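Q: Counting in this note's numbering, the sequence shown runs from 2 upward without gaps. Glycine included, each C-beta is placed from N, C-alpha and C at the ideal position. Every value quoted in this text rests on a predicted model; they were computed, and no experiment measured them. Sharing a structure here in structure tokens format.
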Amino acid sequence: MPAPAPTPPRKFLGRLSLPERTFVVNALRTETVGGVLLLLAAIAALIWANTPLGDSYESVRNFHIGPESLGLDLSIQHWAADGLLAIFFFVAGIELKRELVAGELRDPKAAVLPVVAAICGMAVPALVYFVTASMGGGSTKGWAVPTATDIAFALAVLAVIGTSLPSALRAFLLTLAVVDDLFAILIIAVFFTSDLDFAALGGAVIGLAVFWVLLRKGVRGWYVYVPLALAIWGLMYNSGVHATIAGVAMGLMLRCSRREGEEHSPGEHIEHLVRPISAGLAVPLFALFSAGVLVSGGAIGRVFTQPETLGVVLGLVLGKALGVFGGTWLAARFTRAELNEDLAWPDVFAVATLAGIGFTVSLLIGELAFAGDPALTDEVKAAVLIGSLIAAVLAAVLLKLRVRKYRALYEAEERDEDQDGIPDVYEEGDPAYHVRMAEIYEKKAAEHRRLAESAALSGGTGAGAPRTGSDRPA
Numbered sequence: 002m003p004a005p006a007p008t009p010p011r012k013f014l015g016r017l018s019l020p021e022r023t024f025v026v027n028a029l030r031t032e033t034v035g036g037v038l039l040l041l042a043a044i045a046a047l048i049w050a051n052t053p054l055g056d057s058y059e060s061v062r063n064f065h066i067g068p069e070s071l072g073l074d075l076s077i078q079h080w081a082a083d084g085l086l087a088i089f090f091f092v093a094g095i096e097l098k099r100e101l102v103a104g105e106l107r108d109p110k111a112a113v114l115p116v117v118a119a120i121c122g123m124a125v126p127a128l129v130y131f132v133t134a135s136m137g138g139g140s141t142k143g144w145a146v147p148t149a150t151d152i153a154f155a156l157a158v159l160a161v162i163g164t165s166l167p168s169a170l171r172a173f174l175l176t177l178a179v180v181d182d183l184f185a186i187l188i189i190a191v192f193f194t195s196d197l198d199f200a201a202l203g204g205a206v207i208g209l210a211v212f213w214v215l216l217r218k219g220v221r222g223w224y225v226y227v228p229l230a231l232a233i234w235g236l237m238y239n240s241g242v243h244a245t246i247a248g249v250a251m252g253l254m255l256r257c258s259r260r261e262g263e264e265h266s267p268g269e270h271i272e273h274l275v276r277p278i279s280a281g282l283a284v285p286l287f288a289l290f291s292a293g294v295l296v297s298g299g300a301i302g303r304v305f306t307q308p309e310t311l312g313v314v315l316g317l318v319l320g321k322a323l324g325v326f327g328g329t330w331l332a333a334r335f336t337r338a339e340l341n342e343d344l345a346w347p348d349v350f351a352v353a354t355l356a357g358i359g360f361t362v363s364l365l366i367g368e369l370a371f372a373g374d375p376a377l378t379d380e381v382k383a384a385v386l387i388g389s390l391i392a393a394v395l396a397a398v399l400l401k402l403r404v405r406k407y408r409a410l411y412e413a414e415e416r417d418e419d420q421d422g423i424p425d426v427y428e429e430g431d432p433a434y435h436v437r438m439a440e441i442y443e444k445k446a447a448e449h450r451r452l453a454e455s456a457a458l459s460g461g462t463g464a465g466a467p468r469t470g471s472d473r474p475a
């Protein structure tokens with residue numbers, strides 16, 4: 002009896018399925034626009050805080066508003082961090098749920114590589130920070146600050162430098178960011194939870210249970226879910242658990258698998274509606290009221306001399322690149338996954354360097370870790386900005402070295418010569434596609450034959466006709 006044929010090695014960063022590619026392209030298009038707005042908001046915050054209008058910046062972000070009787074008399078900065086970022090984490094919860102049921106994390110074998118890469122990409126920066134801060138005699142409370150990747154800011158960098166990555170690399174970056182968000186959520190929930198108010202926490206849990214039952218019963222209407230979501234958020238905030246956890250929990254409850262006859266699952270539909278609000282409003286406003294730190298020659302110098310801030314910069318620039326790349330290489334080695342022949346390991350390292358752009362969640366964790374020390378909080382924020390900037394510049398240089406290759410792969414993925422809305426690379430095994438292409442080329446050939454006959458009848462003296470001996474100049 003002949004031995005069974007060996008299973009071919011799995012491809013890493015291979016071509017995505019058409020539905021997955023469509024989802025990734027649509028999601029990242031919104032995130033790219035949001036990333037540009039995020040970048041503009043961060044620049045506006047820095048200008049506002051470092052001009053003679055700096056006092057007004059402090060006044061605005063420290064202005065309190067909200068019902069005190071409900072424990073929600075918060076500053077504008079606090080509303081941005083706990084309120085608006087709940088929308089961001091709601092979208093992150095939906096993304097995670099979708100990845101688990103329909104995306105890259107659905108198949109345990111395929112999920113091993115991005116999950117290991119993301120875990121190493123969080124563990125190594127945390128270790129780099131811990132060692133740097135410990136050796137310098139600084140506080141180790143900020144170990145989680147350099148662990149997160151900001152997908153929107155990373156995509157904004159790609160948009161600014163004009164690099165269109167192949168969809169497989171973009172999907173890998175998105176999956177990394179989703180797993181990053183998951184562990185960031187766990188870090189916030191476990192390490193940054195204050196004294197618990199069990200009555201408020203119980204109310205939030207009951208609210209989440211009602212939310213889940215309504216979803217399972219198929220109840221529809223924003224007028225039902227929005228007030229309930231606000232109540233859950235308020236209870237979660239007053240419980241002592243960080244309020245953004247409420248957003249994640251509700252996002253994870255949405256159904257993200259499609260049923261027969263559905264073009265989009267409810268989770269995908271709601272994500273499509275809420276993602277522009279998150280990327281275009283919530284996150285930029287958070288950046289506007291969090292990124293405004295004083296920047297001067299002395300302040301920048303302190304970033305590279307204080308153990309806490311140096312740990313953040315090294316964690317983002319070195320820790321992220323080495324962690325993501327090392328985790329990817331080890332996982333590929335032990336799972337025997339072969340790298341897509343169109344790409345090379347330097348491409349993975351460039352994306353790993355790009356993952357060192359940690360902005361939104363890093364700023365949030367910085368605020369939570371050093372809540373009792375406003376001066377150090379601002380210095381850590383400056384370190385996040387500088388570390389992310391260095392990572393962005395390094396990634397831009399590495400990606401530009403391969404920009405021609407990326408452009409060729411991107412154009413091949415986007416080519417749609419039969420204009421049916423589906424890229425040609427996904428139709429090469431479909432006989433109907435080749436029939437359509439044959440008809441297109443036959444029409445072109447017939448048109449060129451007609452033009453040739455017309456040129457011959459006119460004497461062949463047109464601009465494009467070949468010259469005879471008498472036509473040539475002496």
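Would you mind working out which of 74, 186, 42 and 343 sits nearest residue 291, comparing C-alpha positions?
A: For the purposes of this step, residue 291 is identified with residue 290 of the sequence shown, where counting begins at 1. Cα-wise, what sits closest to residue 291 is 42.
Q: Have a look at 387, 162 and 249 and flag the residue whose alpha-carbon is nearest the alpha-carbon of residue 93.
A: The residue given as residue 93 occupies position 92 in the sequence shown. The shortest Cα separation from residue 93 among 387, 162 and 249 belongs to 249.
Q: Can you tell which of 409, 110 and 373 has its C-alpha closest to the C-alpha of residue 143?
A: Position 142 of the sequence shown, counted from the start, is the residue given in the question as residue 143. Closest by alpha carbon: 373.
Q: For residue 27, report the span of its alpha helix (DSSP H) as first-last.
A: Translated into the one-based positions of the sequence shown, residue 27 becomes position 26. Segment 19 to 50, the alpha helix (DSSP H) holding residue 27.
Q: Among the candidates 321, 455, 193 and 259, whose CA atom is the shortest distance from the CA of residue 366?
A: On the sequence shown, position 365 is the one that residue 366 refers to. With distances taken between Cα atoms, residue 366 lies closest to 193.
Q: Look at the alpha carbon of residue 458 and the alpha carbon of residue 445, and state the distance between them as a whole number of angstroms.
A: Residue mapping note: residue 458 aligns to position 457 of the sequence shown, counting from 1. Residue mapping note: residue 445 aligns to position 444 of the sequence shown, counting from 1. In a straight line, the C-alpha of residue 458 is about 20 Å away from that of residue 445.
Q: Hey, which unbroken runs of the alpha helix (DSSP H) at 4 residues or more fall wholly within the stretch 284 to 335?
A: Correct list: 284 to 291, 298 to 304 and 308 to 315.
Q: By how many angstroms is the C-alpha of residue 182 removed from the C-alpha of residue 34?
A: Position 33 of the sequence shown holds residue 34. Position 181 of the sequence shown holds residue 182. Taking the straight line from one Cα to the other gives about 20 Å.
Q: On the premise that residue 89 lies in contact with residue 284, defined as a C-beta separation below 8 Å, what is that separation, rounded to the nearest angstrom?
A: As a working note, residue 284 is residue 283 in the sequence shown. As a working note, residue 89 is residue 88 in the sequence shown. Right, the Cβ-Cβ distance comes to about 5 Å (below 8 Å), so this counts as a contact.
Q: Whose C-beta lies closer than 7 Å to the C-beta of residue 512 among residues of the same chain, with five residues either side of it excluded?
A: With the chain represented from 2 up to 475, any question about residue 512 goes unanswered, as that position is not in the structure.
Q: Tell me whether residue 297 is buried or exposed, calling it buried when 16 or more other Cβ atoms sit within 10 Å of its Cβ.
A: In the sequence shown, counting from the first residue as 1, residue 297 sits at position 296. Residue 297 should be labelled exposed.
Q: Give the single residue among 129, 242 and 157 whose Cα lies nearest to the Cα of residue 197.
A: Counting from 1 along the sequence shown, the entry for residue 197 is found at position 196. Closest option to residue 197, Cα to Cα, is 242.
Q: At the level of alpha carbons, what is the spacing between residue 308 and residue 357?
A: For the purposes of this step, residue 308 is identified with residue 307 of the sequence shown, where counting begins at 1. For the purposes of this step, residue 357 is identified with residue 356 of the sequence shown, where counting begins at 1. Each residue's Cα considered, the two are about 19 Å apart.
Q: Whole angstroms is fine: what's the gap from residue 109's alpha carbon to residue 19's?
A: Taking the first residue of the sequence shown as position 1, residue 109 is located at position 108. Taking the first residue of the sequence shown as position 1, residue 19 is located at position 18. Answer to the nearest angstrom: the Cα atoms are 20 Å apart.
Q: What's the gap between the Cα of residue 205 and the Cα of residue 410?
A: Numbered from its first residue, the sequence shown carries residue 205 at position 204. Numbered from its first residue, the sequence shown carries residue 410 at position 409. Cα to Cα, the separation comes out at about 48 Å.
Q: Give me the residue from 452, 84, 147 and 86 with the minimum Cα distance to residue 382.
A: Along the sequence shown, one-based indexing puts residue 382 at 381. Out of 452, 84, 147 and 86, 147 has the C-alpha closest to the C-alpha of residue 382.
Q: Between the beta-carbon of residue 332 and the beta-carbon of residue 118, is there less than 8 Å?
A: The residue labelled residue 332 in the question sits at position 331 within the sequence shown. The residue labelled residue 118 in the question sits at position 117 within the sequence shown. Against a cut-off of 8 Å, the Cβ pair of residue 118 and residue 332 comes out as a contact.
Q: Here's the rule: buried if 16 or more other CB atoms are within 10 angstroms of the residue's CB, otherwise exposed. What is residue 228?
A: Translated into the one-based positions of the sequence shown, residue 228 becomes position 227. So residue 228 ends up on the exposed side.
Q: Would you say the stretch 63 to 71 touches the stretch 266 to 285, given that touching needs at least three Cβ pairs under 8 Å?
A: Touching, no.
Q: For residue 153, which residues in the same chain have their Cβ closer than 7 Å to its Cβ, ignoring the five residues on either side in sequence?
A: Stepping through the sequence shown from its first residue, residue 153 is reached at position 152. Once the five neighbours on either side are set aside, the close Cβ partners of residue 153 are 32, 35, 36, 39, 280 and 284.
Q: May I ask you to verify whether the stretch 118 to 135 touches the stretch 312 to 322, counting CB pairs closer than 8 Å and requiring at least 3?
A: As far as the Cβ criterion goes, the stretch 118 to 135 touches the stretch 312 to 322, which means the pair count is three or higher.
Q: What residue range does the alpha helix (DSSP H) around residue 199 cover?
A: The residue labelled residue 199 in the question sits at position 198 within the sequence shown. Taken as a continuous stretch (DSSP letters only), the alpha helix (DSSP H) holding residue 199 covers 199 to 217.
Q: Going by beta carbon distance, what residues of the same chain come within less than 6 Å of residue 174, once the five residues before and after it are set aside?
A: Position 173 of the sequence shown, counted from the start, is the residue given in the question as residue 174. So the qualifying residues of the chain are 352.
Q: Exposed or buried, residue 25, counting other C-beta atoms within 10 Å across all chains shown (16 or more means buried)?
A: Here the question's residue 25 lines up with position 24 in the sequence shown. It is buried - the Cβ of residue 25 has at least 16 other Cβ atoms within 10 Å.
Q: Straight-line CA distance for residue 170 to residue 349?
A: Numbered from 1 along the sequence shown, position 169 holds the residue referred to as residue 170. Numbered from 1 along the sequence shown, position 348 holds the residue referred to as residue 349. Their backbone Cα atoms lie some 8 Å apart in a straight line.
Q: Have a look at the DSSP bridge pairing and note the partners of residue 481.
A: Only positions 2 to 475 of the chain appear in the structure, and residue 481 is not among them; the question remains open.
Q: Going by DSSP, what residues sit across from residue 13 in a beta bridge?
A: Locating residue 13 in the sequence shown gives position 12, counting from the first residue. Answer is 340.
Q: Going by C-alpha distance, which of 329, 21 and 129 is nearest residue 100?
A: Numbered from 1 along the sequence shown, position 99 holds the residue referred to as residue 100. Among 329, 21 and 129, the Cα nearest to that of residue 100 is on 21.
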